[in-house]
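Visitor:
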Amino acid sequence: MEPVKDTERVKKMFAQGQPELVDTQTGYKYSMVALCPKDGNIAPVARIERTGQSLSKVTFRCTSCFTEFEVGQDDIYVR
Numbered sequence: 093m094e095p096v097k098d099t100e101r102v103k104k105m106f107a108q109g110q111p112e113l114v115d116t117q118t119g120y121k122y123s124m125v126a127l128c129p130k131d132g133n134i135a136p137v138a139r140i141e142r143t144g145q146s147l148s149k150v151t152f153r154c155t156s157c158f159t160e161f162e163v164g165q166d167d168i169y170v171r
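Numbers 93 to 171, taken from the working numbering, label the letters of the sequence shown in order.
#1: Going by DSSP, what residues sit across from residue 149 in a beta bridge?
#2: In three-state DSSP terms, what is residue 162?
#3: Which residues in the same chain as residue 147 place their Cβ atom closer than 6 Å to its Cβ, once the five residues preceding and following it in sequence are excluded?
#4: Compute the Euclidean distance between the alpha carbons of residue 101 and residue 169, then round it to the nearest angstrom.
#5: In whole angstroms, what is the alpha-carbon distance linking residue 142 and residue 129?
Next up, the structure:
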């Protein structure tokens, strides 16, 4: 599946404190990804930090150039 912007799912993931979300109707597991600022490749989650039960910080790591970076919730995709 190609990454898509889905701000509602991303907000739900942050609120639930999980970088993944299972669609209860289909069983599909959505994961957060972001586009690497150096090469534009899709980068998965490398680390998360929580405040209480919610996500407070998500760090991504590009699998091509190994750059670690953070982006705002508006720049997070799901796939």
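Heads up, the beta-carbon is just placed ideally off N, CA and C, and yes, glycines get one too.
Guide: According to the data block:
#1: 141
#2: coil
#3: 106, 109, 140
#4: 9 Å
#5: 24 Å
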